[in-house]
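Notes for the one structure printed next.
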Amino acid sequence: MESSEPLSLHCCGLLARGRFIACCERPLIMGVVNVTPDSFYDGGRHSKPERAVAHALELVEQGADILDVGAESTRPGAIPVGEKEERTRLLPVVTELARRVTVPISVDTTKSAVAQAALDAGASIVNDVSALRFDPRMASVVARSGAGVVLMHMKGTPLTMQQDPRYRDVVEDVVQFLEERMRTAMETGISKLNIMLDPGIGFGKLLEHNLELLNRLAELTRLGRPLVVGPSRKSFIGRLVGRSAEHREWGTAAAVALAVDRGARILRVHDVAMMADVVKVAAAIASRKASNRAGA
Ligand code: HH2
17 MESSEPLSLH CCGLLARGRF IACCERPLIM GVVNVTPDSF YDGGRHSKPE
67 RAVAHALELV EQGADILDVG AESTRPGAIP VGEKEERTRL LPVVTELARR
117 VTVPISVDTT KSAVAQAALD AGASIVNDVS ALRFDPRMAS VVARSGAGVV
167 LMHMKGTPLT MQQDPRYRDV VEDVVQFLEE RMRTAMETGI SKLNIMLDPG
217 IGFGKLLEHN LELLNRLAEL TRLGRPLVVG PSRKSFIGRL VGRSAEHREW
267 GTAAAVALAV DRGARILRVH DVAMMADVVK VAAAIASRKA SNRAGA
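Next comes the structure, spelled out in structure tokens:
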């Protein structure tokens with residue numbers, strides 16, 4: 017389904033602990049800060065809290081609208097991290113950033129206790145790659161706090177997700193999954209206005225699934241919530257260009273530009289300075305298309 021409505025009707029913005037984050041005027045950049053030893057691209061680069069904070073401050077300087085801080089890698093086959101270790105890695109960074117930046121801080125976790133501690137330390141968005149499925153207490157932590165929440169599609173768990181993933185129609189299956197997770201979230205008291213949705217590029221998907229999802233991303237706009245998309249340096253890009261994660265920035269730029277054209281409102285990226293320019297140009301071109309449609 018190609019949407020015939022202007023993009024702005026789909027994506028007014030989101031609420032995160034009482035703060036309205038607008039993503040109508042232009043798509044937002046979510047800068048990735050991984051406080052991990054083993055993330056697929058930046059693992060080990062910012063695993064010391066001071067390094068992670070310095071990196072995050074740099075991303076804000078470069079134009080990040082949101083910081084997404086994570087302390088557990090979710091790359092395919094990643095070994096899960098215990099709650100205590102995840103808190104120990106994450107909290108000093110979130111606490112210091114909350115003191116020093118004004119952009120919203122998102123915490124990339126599937127554990128309710130980690131999310132609660134990060135919210136107490138000043139985060140205002142929970143980015144849950146399990147869409148509230150891995151921890152039964154996560155939904156109530158989000159509901160009670162009024163945090164913004166990213167509900168992402170994943171098939172299986174990071175340990176198993178790349179083992180022969182199959183779909184009837186990957187786009188329809190992802191739409192149905194996100195619809196169901198959004199309904200469940202709202203039943204537990206999370207307001208629709210606090211929800212963002214993410215097709216989960218690379219999470220239980222083969223190359224063709226990732227390409228199909230990005231190509232038909234506009235079909236997800238019918239869910240009526242801002243779309244988060246995270247193609248940054250992922251292995252589907254490596255498969256296409258034959259380069260390691262170190263050298264996938266141009267491939268990422270292509271994916272980001274096309275995702276913006278098809279309705280993405282929040283781009284989760286490692287390379288903020290570069291992708292901020294890509295998003296600006298892609299959004300300017302895409303908005304001409306939207307205003308032409310509106311005037312037609
Ligand atoms: N991708 C990663 C982690 N979290 N969250 C959302 N909402 N969407 C994504 O596409 C997404 C995500 C994987 O990227 P990265 O954090 O760089 O790697 P790792 O999981 O190895 O730390």
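Counting from 17, one number per residue, gives the positions in the sequence shown under the numbering used here.
Beta carbons: idealized from backbone N, C-alpha and C, even for Gly.
In this structure H62 is buried. Its beta-carbon is surrounded by 16 or more other beta-carbon atoms within 10 angstroms. Contact annotation: L31 and S156 have beta-carbon atoms that are not nearer than 8 Å. Secondary structure of F150 (DSSP, three-state): coil. Taking the Cα of V276 as reference, the smallest distance to any Cα among R91, A261 and A302 is reached at A302.
Where S122 is concerned, the enclosing beta strand (DSSP E) starts and stops at I121 to D124. Collapsing the DSSP output to three states places L175 in coil.
Contact between A201 and I211 is confirmed by a C-beta separation of about 6 Å, below the 8 Å threshold.
Residue pairing for V288: DSSP places it in no beta bridge. For A134, the closest alpha carbon among the candidates P108, S260, A70 and G240 is that of P108.
Boundaries of the alpha helix (DSSP H) around I253: S251 to V257.
Here F219 carries a coil assignment [DSSP, helix/strand/coil]. For R33, the closest alpha carbon among the candidates V165, R91 and D81 is that of V165. Inter-residue distance for A131 and K296 is about 31 Å (C-alpha atoms, whole angstroms). Taking a C-beta distance under 8 Å as the contact criterion, D81 and L44 qualify as a contact pair. Look at F36 here: in three-state DSSP terms it is strand.
In the displayed model, G267 falls within a helix according to three-state DSSP.
The beta strand (DSSP E) runs lying completely inside the region 178-214 and spanning 3 residues or more are 211-214, given in chain order. Around V288, the same chain offers I45, G47, L75, Q78, G79 and A80 as residues with beta carbons nearer than 7 Å, after the five sequence neighbours per side are excluded. Rounded to whole angstroms, the separation of the alpha carbons of R281 and G246 is 11 Å.
Its chain contains S248 and M291 as the residues whose beta carbon lies nearer than 6 Å to that of V285, once the 5 sequence neighbours on both sides are disregarded; these appear in chain order. In the structure shown, V117 adopts coil according to DSSP, grouped into three states. With a cutoff of 8 Å on beta-carbon distance, G220 and K171 are scored as near each other.
Each residue's CA atom was taken as its position, placing T90 and D144 some 11 Å apart. One Cα belongs to V257, the other to N50, and the distance between them is close to 24 Å.
Residue side-chain check: H286 places its Cβ nearer than 7 Å to a non-hydrogen atom of the ligand HH2. Within 7 Å of the C-beta of R91 there is at least one heavy atom belonging to the ligand HH2. Residue environment: F36 is assigned as exposed (fewer than 16 neighbouring CB atoms within 10 Å of its CB, all protein chains considered).
Here the alpha carbon of V119 sits roughly 27 Å from the alpha carbon of R149. For M198, the closest C-alpha among the options E235, N231 and L239 is that of L239.
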